[in-house]
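Engineer: In the working numbering, the protein residues as written are 6 to 411.
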Amino acid sequence: MGGNLRKLSVRDLDVAGKRVLVRVDYNVPLDESLRVTDDRRIRSTLPTIRLLLERGAAVILASHFGRPKGKVVEDQRLAPAGRALEELLGRPVTILRDCIGDDVRARCRAAKPGDVILLDNLRFRDAEEKNDSAFARELASLGDAYVNDAFGAAHRAHASVSGVPQFLRPAAAGLLMAAEIGHLGGVLANPARPFVLVFGGAKVSDKVPVLENLLSRVDVALVGGGMAYTFLAARGVPVGGSRLEPDLVDTARRILAEAESRGVRIVLPSDHVHAAKLEPGAACDVSSPGVPEGRMGLDIGPATRAAYAAEIAKARTVLWNGPMGVFEMPPFDAGTRAVGDAIAAATANGAVTVVGGGDTAAAAEEFGIAGRMSHVSTGGGAALEFLEGRELPGVAALDPAPEDRP
Ligand code: AMP
């Protein structure tokens with residue numbers, strides 16, 4: 006893995022009487038009446054905000070929201086997130102209608118210890134995604150210190166992520182960022198063994214780089230979801246009308262051979278829940294070892310669920326990324342639920358269990374097992390890039406931990 010992962014923490018900062026610019030990820034889902042429907046990303050920044058307030062700082066929060074492409078879009082203001090924050094925090098939040106400019110600067114300069122200010126959507130300016138240095142400098146001028154607690158945006162080399170810390174020091178990791186780096190970095194660098202990877206989701210194409218990086222680290226990989234069919238095809242198992250990426254069958258064959266030469270077991274589903282069409286309540290059947298012609302494999306079957314649960318029960322580290330089937334549509338959620346329950350049970354038995362973000366985190370939340378994992382990442386794309394072994398721009402930009410300074 007590139008770069009030093011030990012970073013200056015918000016805990017190391019002396020912030021009394023200072024204004025701290027905190028990059029957060031408040032890119033949260035809203036309903037039609039612009040109310041936040043899932044406030045996890047906001048809740049997960051509360052520890053950092055509370056720490057700063059307790060230590061006498063004024064907090065200035067900056068986030069992107071959606072893809073307004075450099076212009077003001079009324080429905081993409083951060084005000085709904087600000088109101089949700091106000092409720093969670095139990096204190097007023099000053100919600101601004103821009104992220105830079107004279108008014109914003111004056112309001113931030115006037116901030117007193119204990120004040121919380123939320124800038125408006127950074128992506129109302131195209132300078133954000135272009136990592137424009139004049140824009141980064143203006144943002145930097147709003148604070149006396151910088152904290153990044155937006156792991157979900159850490160893979161973007163945008164102005165508020167990698168530009169601002171060039172002009173504003175100290176630049177520290179927030180508590181959420183530190184937890185993400187600690188857990189994801191920990192499983193990559195120093196996993197207790199056996200280390201079991203549970204890998205699923207729709208497409209092999211998205212996941213090849215992650216699989217390649219993880220193959221040198223894990224003992225067993227349990228594969229499910231749509232991506233399993235490209236691997237099954239590589240082993241010559243019939244996959245019927247299942248999701249298949251024909252261009253990647255050779256890649257899958259190469260990965261299987263590489264795993265074998267490294268002594269890593271890649272386990273593929275031995276039975277499948279299949280249907281003629283993907284629709285709720287579709288008539289489904291179970292087959293083994295492949296999927297019949299004209300049918301689509303939409304979930305792992307009962308024998309595979311039991312085999313995967315048995316592997317997970319033996320693990321001391323589990324990394325889970327990607328659902329085992331079309332978990333959004335019962336009855337094709339059963340495989341993902343079974344694997345999730347097995348991972349939750351492994352946590353209770355002392356295993357370290359980490360869930361990569363995105364769909365898998367959503368599934369864990371929906372099944373009520375998110376709280377029974379050691380760590381559920383808040384970053385989708387960022388978690389994947391981290392697990393590929395890439396250095397994330399938002400992590401690279403932070404100051405090193407004091408003990409690592411030259
Ligand atoms: P990803 O974003 O790559 O993690 O993929 C998640 C998506 O994969 C979910 O929306 C699932 O419904 C879908 N998925 C999982 N298993 C299958 C399958 N066997 N066939 C088609 N789609 C699947």
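The C-beta atom is built at its ideal place from N, Cα and C for all residues, glycine as well. Treat the numbers as computed from the prediction; the structure is a model and nothing was measured.
(1) Pick from V169, R130, L93 and A155: whose alpha carbon is nearest that of D149?
(2) Using a threshold of 7 Å, is the CB atom of D364 nearer than that to any non-hydrogen atom of ligand 1?
(3) For M301, list the residues DSSP reports as bridge partners.
(4) Roughly how far, in whole angstroms, is the beta-carbon of S247 from the beta-carbon of G187, given that I think they are within contact range, below 8 Å?
(5) Between which two residues does the beta strand (DSSP E) containing D290 stretch?
(6) Thinking just about the alpha-carbon of each residue, which of E396, I317 and S379 is nearest to the one in G386?
(7) According to the neighbour-count rule (16 or more other Cβ atoms, all chains shown, within 10 Å of its Cβ), is S167 buried or exposed?
(8) Can we say the segment 191-204 touches the segment 241-261, given the rule of at least three CB pairs closer than 8 Å?
(9) How many angstroms separate the CA atom of E393 from the CA atom of R102?
(10) What is the rounded straight-line gap between the Cα of L261 and the Cα of V77?
(11) Can you have a look at S165 and say buried or exposed, based on whether 16 or more other CB atoms are within 10 angstroms of its CB?
(12) What are the boundary residues of the alpha helix (DSSP H) that F236 is part of?
(13) Going straight from the alpha carbon of P294 to that of A388, what length do you get?
(14) Should T50 go down as buried or exposed, given a rule of 16 or more other Cβ atoms within 10 Å for buried?
(15) Using DSSP bridges, identify the partner residues of H380.
(16) Nearest-angstrom Cα distance between T309 and D252?
(17) Are there three or more Cβ pairs, one per stretch, closer than 8 Å when the segment 360-380 is compared with the segment 227-237?
(18) Strictly under 8 Å for the Cβ-Cβ distance: is L403 near chain B by that measure?
(19) Does the count of Cβ pairs from the segment 80-88 and the segment 100-114 closer than 8 Å reach three?
(20) Return yes when the Cβ of L66 is within less than 8 Å of the Cβ of V29, no when it is not.
(21) Taking K117 as the reference, which of P73, N136 and V64 has the closest Cα?
(22) With a floor of 4 residues, list each alpha helix (DSSP H) that falls wholly inside the segment 188-270, ordered by position along the chain.
Structural biologist: Looking at the coordinates:
(1) Minimum Cα distance to D149 is reached at V169.
(2) Flag set: Cβ of D364 near ligand 1.
(3) DSSP lists A280 as partners of M301.
(4) So it is not a contact: roughly 38 Å between Cβ atoms.
(5) Residues C289 to S292.
(6) Residue nearest to G386 within the set E396, I317 and S379 is E396 (criterion: CA-CA distance).
(7) Burial call: buried.
(8) The segment 191-204 is not in contact with the segment 241-261.
(9) Straight-line measurement puts the Cα of R102 at about 37 Å from the Cα of E393.
(10) Cα to Cα, L261 sits roughly 49 Å from V77.
(11) Buried: at least 16 other Cβ atoms inside 10 Å.
(12) F236 -> alpha helix (DSSP H) spans A233 to A239.
(13) P294 and A388: Cα-Cα distance of roughly 33 Å.
(14) That one is buried.
(15) H380 pairs with V359.
(16) Approximately 26 Å, taken between the alpha carbons.
(17) The count of Cβ pairs closer than 8 Å, one atom from the segment 360-380 and one from the segment 227-237, stays below three, leaving the stretches out of contact.
(18) Judged by its chain identifiers, the structure shown contains no chain B, having just a single protein chain.
(19) Contact holds between the segment 80-88 and the segment 100-114, because three or more Cβ pairs, one in each stretch, are under 8 Å apart.
(20) Taking 8 Å as the Cβ cut-off, V29 and L66 qualify as a contacting pair.
(21) From the listed residues P73, N136 and V64, the smallest Cα separation to K117 is found for V64.
(22) Listed in chain order, they are 213-220, 233-239 and 254-267.
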